[in-house]
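Report on the following structure.
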Amino acid sequence: MNLTQQLINGLVLGHAYALIAIGWTVLLGVARLVNFGHGQMYMLGAFMTWYLVSRLGLPYLVAIPVAMLAGVAVGYVMQRVMLRLTLAQDLVSIMIVTLGFGYVLHGAAGLVFGSTGQILETPLSTRDIYWGDLWFTWQDIAIVLVAIAFFAVLKYVIENTGVGRTARMVAEDPALSLLAGIDVKKVYLAVFAFEGAAVALAAALVAPRTPILTSMGFDEVIITFVVVVLGGIGSVTGSYVAGIVLGLFTAFFGALVSPAYATAAAFGVLIAVLVLRPGGLAVAPGGR
């Protein structure tokens, strides 16, 4: 086994995990809500990018923002439908609604795009880089660079801007924020729209590495859940670290043991970490 190759694989996979999870991290951090349709939103973003590139012939760099706009629309509609539940903080009903929404997206994608898997080839995914015995693609480099830039910008916005302060106020106390004159409804709608855009961006970047299937969303929501909880609920920094840790663990576990048991092993790690450190890997209390 080439340890350096597995290290590269793990870093790429870890940045992919972190990028996929960031929308849910912000959703938990601001709205204190879960979205079990997150994986299906990822699946839809992947199919949208594939359709725009392969069927409509749009350049890859044009298809990405178009797919993100579609993600914004899906997130906005999703939150608009359950806005009353969100304001009432009816968490059980919200979990059921988001789970049902995910199944609706799954069925709709099957009707529109078919059940056959698709392959998204981009100018980056088809260009290999060989460095001695090591191999990766320009798509892998793009995933790492975009993930780093995305997390850095998001952390700055949350900690140093008026938008971030408003989001933190709503996260801490929605009722008090409402009394302070903050339009909590708009904040919730904006957060879901952001989640849709972020997961579509992740899908556009990560999907070229794997077959695109209508069933892929169920796997992604599990991985996202592990990253978000392992990193600490709502922690941007924690999610980034957790994504890298999980990616490295998955790569080395798959090479040394078997990829078939990687997900089960990842949950074993999650349980161990939460027993030893209930707050996850967040670097500070409530750390963003």
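Numbering (the numbering used here), first residue to last: 274 to 561.
Here a beta-carbon is modelled for each residue, glycine too, at the ideal position from N, C-alpha and C.
Residue interval of the beta strand (DSSP E) (run including residue i)
i    : result
Y403 : 401–404
Helix, strand or coil at residue i according to DSSP, with G and I counted as helix
i    : result
F409 : strand
I485 : strand
R561 : The pLDDT assigned to R561 is 46, lower than 50, so where the model puts this residue is not dependable; a value taken from the coordinates is nonetheless given after this. Reduced to three states, the DSSP call for R561 is coil.
Residue i - containing alpha helix (DSSP H), residue span
i    : result
T359 : 356–360
G383 : 364–386
G534 : Residue 534 is actually Tyr in this sequence, not Gly. Note, Y534: premise wrong, no alpha helix (DSSP H); not H, not E.
S512 : 509–529
A304 : 276–304
Q313 : 311–323
Check whether residue i and residue j have beta carbons under 9 Å apart
i    : j    : result
F216 : G296 : Only positions 274 to 561 of the chain appear in this structure, which leaves residue 216 out of reach.
T322 : A422 : no
L478 : Q391 : no
F309 : V494 : yes
F318 : G344 : It should be noted that the sequence gives Gly, not Phe, for residue 318. Yes, the Cβ-Cβ distance between G318 and G344 is below 9 Å.
L393 : A453 : no
L356 : L462 : yes
G469 : M316 : no
I416 : A289 : yes
I506 : L284 : no
T359 : I369 : no
L280 : A524 : yes
V303 : V443 : yes
V509 : F424 : yes
A294 : L474 : no
G312 : F491 : yes
V426 : G437 : no
Buried/exposed call for residue i, threshold 16 Cβ in 10 Å
i    : result
S398 : buried
N275 : exposed
S512 : buried
T277 : exposed
A537 : exposed
D456 : exposed
Q362 : exposed
T298 : buried
V502 : buried
P558 : Residue placement at P558 is poorly supported in this model, since its pLDDT is 39, which falls under 50; the coordinates still yield a value, given next. Per the 10 Å Cβ criterion, exposed.
V326 : buried
Y324 : buried
V565 : There is simply no residue 565 to check, as the chain begins at 274 and stops at 561 in what is shown.
S450 : buried
L529 : exposed
List, from N- to C-terminal side, the alpha helix (DSSP H) runs of 4 residues or more that fit wholly inside the segment 403–458.
411–433, 435–445, 447–452
In chain order, which continuous runs of the alpha helix (DSSP H) of length 4 or greater are located wholly inside the segment 331–355?
333–354
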